[in-house]
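Worksheet: one structure, shown below.
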Amino acid sequence: MALAKRIIPCLDCENGRVVKGVKFLDIRDAGDPVEVSKRYCDAGADEITFLDITASHEGRETTVFTVEAIAGQVFIPLTVGGGIRTLEDIRTMLNAGADKIGINTAAVVNPEFVREAAERFGSQCIVVAVDAKRVSINDESPKWEIFTHGGRKPTGIDAIEWVKRMVSFGAGEILLTSMDRDGTKSGFDLELNREVSRAVQVPLIASGGVGNLQHLVEGVLEGEADAVLAASIFHFQEYSIQEAKQYMAAKGIEVRL
Amino acid sequence: MNKIAVIDYGMGNLHSVAKALEHVGRELDEQVEVIVTADANVIAGADRVIFPGVGAIRDCMAEILRLDVGQIVKDAIQTKPVLAICVGMQALMNTSEENGGVKCLGFLDGEVRYFGDDLRDGDGLRLKVPHMGWNQVSQTIDHPLWKDVPDNSRFYFVHSYYVRTQQQGMVSGVSRYENDFVATLADNNIFAVQFHPEKSQTVGLTLLHNFLLWDGTV
């Protein structure tokens with residue numbers, strides 16, 4: 391009897407449609423987010439992450455309706471992230487039915503926002519999303535830097551120091567994306583995940599780079615992640631959630647079958 | 238008409254639990270009305286009561302005391318089935334060691350303890366806190382709320398504190414995180430769960446379904 395490692399499909403959404411960029415470019419359409427969420431939930435997904443990449447104000451209203459529609463049909467935890475900047479944004483999404491809120495750029499702009507959000511809504515619903523990129527070269531000891539604005543803007547902040555700080559401010563979970571691996575299908579940055587997982591007490595969701603089922607296994611066993619997040623391998627039906635779970639179980643990982 | 242009152246004392250988002258109850262209610266033959274409220278009269282008029290809770294216990298207890306929710310819950314416990322969820326369960330106990338020690342309602346005998354900072358599983362691997370995700374619950378008694386829920390089903394948890402009680406007869410389900418801990422309690426017409434049935438997919442919805450039909454007897 392033990393806690394299961396989680397498999398979390400991620401829905402990157404723009405203007406009410408699921409899309410998935412490769413290295414944040416080259417967007418392909420993968421469908422209606424409500425249908426996709428329901429399909430994943432029925433297939434045994436442990437949570438759903440909804441990442442809103444819509445820029446416009448009108449589009450963001452669509453997002454609220456979409457979150458409401460998903461929450462009315464999907465009875466597993468739902469995390470909503472993307473463009474969350476104020477306590478009011480968080481309240482809106484929680485009222486729409488989100489269980490957890492991902493905060494990324496706004497945390498870097500104003501770290502106190504994470505503290506305020508955790509105090510107001512509880513650490514259990516505050517997920518700090520971190521986009522990290524390896525900045526060490528060759529023989530240097532490994533080092534990663536935080537990027538914001540969908541991975542376009544460097545910040546000069548060290549990733550390990552940053553996650554420790556975010557947890558001390560009340561983050562209840564870390565969603566870690568490797569910018570070097572995202573969209574490449576070459577596997578997680580295992581060293582990055584392991585360093586982050588060991589640096590904090592809270593659960594770590596590994597993200598960025600999943601191309602096959604062995605990558606999910608490595609994320610847990612070598613990256614020491616508590617959950618693994620993937621988008622394209624599930625959206626384009628290369629693998630089903632059940633296949634992923636069966637594969638992980640066969641490798642000795644505790645999963646919810 | 239089956240009226241379900243979800244007690245709203247301003248702590249966190251009750252949308253999920255209300256939506257899940259409505260969803261389950263649609264599958265029943267009778268009409269189910271779910272009301273999210275802090276109004277003592279409305280709650281007194283309900284057939285069943287849900288006592289939820291989320292966030293830190295100090296803030297929860299402050300609002301419970303300010304809105305006299307303790308009396309509302311006490312009245313409900315005397316007359317109808319009550320389901321307490323997560324921090325709602327913890328608030329029913331005597332005390333919690335969260336936030337430097339907080340006095341709780343004391344309707345059930347036991348205390349709320351912190352998991353600890355260096356938890357390990359049987360293989361010596363580190364366990365994170367909060368205990369977040371799907372863990373198995375072993376049913377220690379037969380109970381109407383366990384009907385059609387397979388033993389050792391996985392439910393969704395998210396918490397850093399857990400209930401400890403000397404009253405073993407009250408324990409209805411246990412889970413394991415380093416050590417065994419109380420996942421659910423049953424005391425007459427009260428059923429209390431540390432996990433979130435509203436987020437636990439099929440097994441969670443089955444438990445809520447059972448609650449909607451429960452007459453409060455065991």
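Chains A and E, in that order, are what the protein sequence lines are. All residue numbers for the first sequence refer to the numbering used here, where the first residue is 391 and numbers rise by one. All residue numbers for the second sequence refer to the numbering used here, where the first residue is 238 and numbers rise by one. All C-beta atoms, glycine included, are put in the ideal place defined by N, C-alpha and C. Note that the structure is a prediction, hence the values are computed from the model and not measured.
List the residues of chain E that residue i touches, going by C-beta distances under 8 Å, in chain order.
i, result
"I466 (chain A)", "Y393, K436, S437 and Q438"
"P593 (chain A)", "K365, P367, M369 and G370"
"C431 (chain A)", "Q438"
"R396 (chain A)", "G370 and W371"
Could you list which residues in chain A have their beta carbon closer than 8 Å to that of residue i, in chain order?
i, result
"H368 (chain E)", "L393"
"L442 (chain E)", "F465"
"S412 (chain E)", "M391"
"Q373 (chain E)", "M391 and A392"
"N389 (chain E)", "M391"
Classify residue i: buried if its beta carbon has 16 or more other beta carbons within 10 angstroms, exposed otherwise.
i, result
"L449 (chain E)", "buried"
"Q268 (chain E)", "exposed"
"I398 (chain A)", "buried"
"L415 (chain A)", "At L415 (chain A) the pLDDT is 36, less than 50, meaning the model places this residue with poor confidence; the figure from the coordinates comes in the next sentence. With fewer than 16 other Cβ atoms within 10 Å, it is exposed."
"H447 (chain A)", "exposed"
"T567 (chain A)", "buried"
"K256 (chain E)", "buried"
"F455 (chain A)", "exposed"
"M326 (chain E)", "buried"
"S409 (chain E)", "buried"
"Q431 (chain E)", "buried"
"G560 (chain A)", "buried"
"D616 (chain A)", "buried"
"Q438 (chain E)", "buried"
"L484 (chain A)", "buried"
"P318 (chain E)", "buried"
"K413 (chain A)", "Residue placement at K413 (chain A) cannot be trusted, given a pLDDT of 34 that sits under 50; the coordinates are not used to answer."
"R542 (chain A)", "exposed"
"S427 (chain A)", "buried"
"N528 (chain A)", "exposed"
"V387 (chain E)", "Looking at the sequence itself, residue 387 (chain E) is Pro, so the reference to Val does not match. By the 10 Å Cβ count, P387 (chain E) comes out exposed."
"V499 (chain A)", "exposed"
"N583 (chain A)", "buried"
"S558 (chain A)", "exposed"
"P434 (chain E)", "buried"
Going by Cα to Cα distance, which pick from the options is closest to residue i?
i, options, result
"S554 (chain A)", "A:V518, A:A459 and A:A621", "Inspection of the sequence shows that residue 554 (chain A) is occupied by Lys rather than by Ser. Considering only alpha carbons, the answer is A:V518."
"A281 (chain E)", "E:V254, E:R295, E:A299 and E:A313", "E:A313"
"F352 (chain E)", "E:S412, E:H446 and E:W451", "E:S412"
"L619 (chain A)", "A:N500, A:T439, A:F503 and A:S513", "A:T439"
"L251 (chain E)", "E:A275, E:G406 and E:A420", "E:A275"
"R475 (chain A)", "A:V409, A:H539 and A:R524", "A:H539"
"D422 (chain A)", "A:R481, A:V645 and A:E404", "A:E404"
"W383 (chain E)", "E:D305, E:D346, E:A429 and E:H368", "E:A429"
"H605 (chain A)", "A:P593, A:L594, A:H625 and A:R571", "A:R571"
"I623 (chain A)", "A:L582, A:A488 and A:T574", "A:T574"
"Q463 (chain A)", "A:A589, A:A634 and A:R429", "A:R429"
"E425 (chain A)", "A:H625, A:N602 and A:V645", "A:H625"
"Q404 (chain E)", "E:G262, E:D346 and E:R285", "E:D346"
"C400 (chain A)", "A:R646, A:I595, A:G613 and A:N494", "A:I595"
"V366 (chain E)", "A:Q632, A:V610 and A:V590", "A:V590"
"P467 (chain A)", "A:G449, A:D489, A:R450 and A:L477", "A:D489"
"G577 (chain A)", "A:L565, A:V610 and A:V586", "A:V610"
"L603 (chain A)", "A:S597, A:Y629 and A:D442", "A:Y629"
I want to verify the contact list: residues of chain E whose CB lies under 7 Å from the CB of residue i, in sequence order.
i, result
"E506 (chain A)", "The premise fails here: E506 (chain A) is roughly 14 Å from chain E at the closest Cβ pair, so nothing lies under 7 Å."
"D479 (chain A)", "Under the 7 Å cutoff, chain E gives no residues; its nearest Cβ is about 14 Å from D479 (chain A)."
"D529 (chain A)", "What D529 (chain A) touches in chain E: nothing, since even the nearest Cβ is about 30 Å away."
"D489 (chain A)", "S253 and K436"
"R646 (chain A)", "W371 and R391"
Which residues in chain E sit within 9 Å of residue i, going by Cβ to Cβ distance?
i, result
"A461 (chain A)", "H252, S253 and K256"
"R555 (chain A)", "Within 9 Å Cβ-Cβ: nothing; R555 (chain A) doesn't reach chain E, min ~18 Å."
Give the interface partners of residue i over in chain A, defined as CB-CB distance under 7 Å, in chain order.
i, result
"D354 (chain E)", "Q591"
"V400 (chain E)", "Those within 7 Å of V400 (chain E) in chain A number zero; the least Cβ separation is about 17 Å."
So which residues on chain A does residue i lean against when the C-beta distance must stay under 9 Å?
i, result
"V269 (chain E)", "Ordered by position in chain A, no residue passes the 9 Å Cβ test against V269 (chain E), which lies about 15 Å from the chain."
"V291 (chain E)", "F511, G512, Q514 and C515"
"D358 (chain E)", "A392 and L393"
_Quick test of the definition: if touching needs 3 or more C-beta pairs under 8 Å, does the region 372-386 of chain E touch the region 343-358 of chain E?_
no
*Count the CB pairs spanning the region 406-426 of chain E and the region 240-250 of chain E that are closer than 8 Å, and state whether there are at least three.*
no
*Counting only runs of 3+ residues fully inside the region 469-518 of chain A, write out the beta strand (DSSP E) ranges in chain order.*
490-493
*Are the region 636-645 of chain A and the region 459-467 of chain A in contact at 8 Å, needing three or more beta carbon pairs?*
no
*At which residue ranges does the region 301-340 of chain E contain complete beta strand (DSSP E) runs of 3 or more residues, listed in the order of the chain?*
319-322
*Could you tell me which uninterrupted alpha helix (DSSP H) segments, each at least 4 residues in length, are contained entirely in the region 528-565 of chain A, listed from first to last along the chain?*
549-558
*Touching or not, the region 263-277 of chain E and the region 401-418 of chain E, by the rule of three or more beta carbon pairs under 8 Å?*
no
*Using 8 Å as the Cβ pair cut-off and three pairs as the minimum, do the region 438-453 of chain E and the region 294-312 of chain E touch?*
no
*Would you check if there are 3 or more beta carbon pairs closer than 8 Å linking the region 541-550 of chain A to the region 509-517 of chain A?*
no
_Start-end ranges of the alpha helix (DSSP H) lying completely within the region 427-467 of chain A, minimum 4 residues_ = 447-461
*asked:* Three Cβ pairs or more, each shorter than 8 Å: is that satisfied between the region 326-335 of chain E and the region 343-350 of chain E?
replied: yes
*Going along the chain, which unbroken runs of the beta strand (DSSP E) with 3 or more residues stay wholly within the region 366-402 of chain E?*
368-376, 390-396 and 398-401
*Could you give the uninterrupted runs of the beta strand (DSSP E) lying entirely in the region 267-296 of chain E, keeping only those of 3 residues or more?*
269-274 and 285-288
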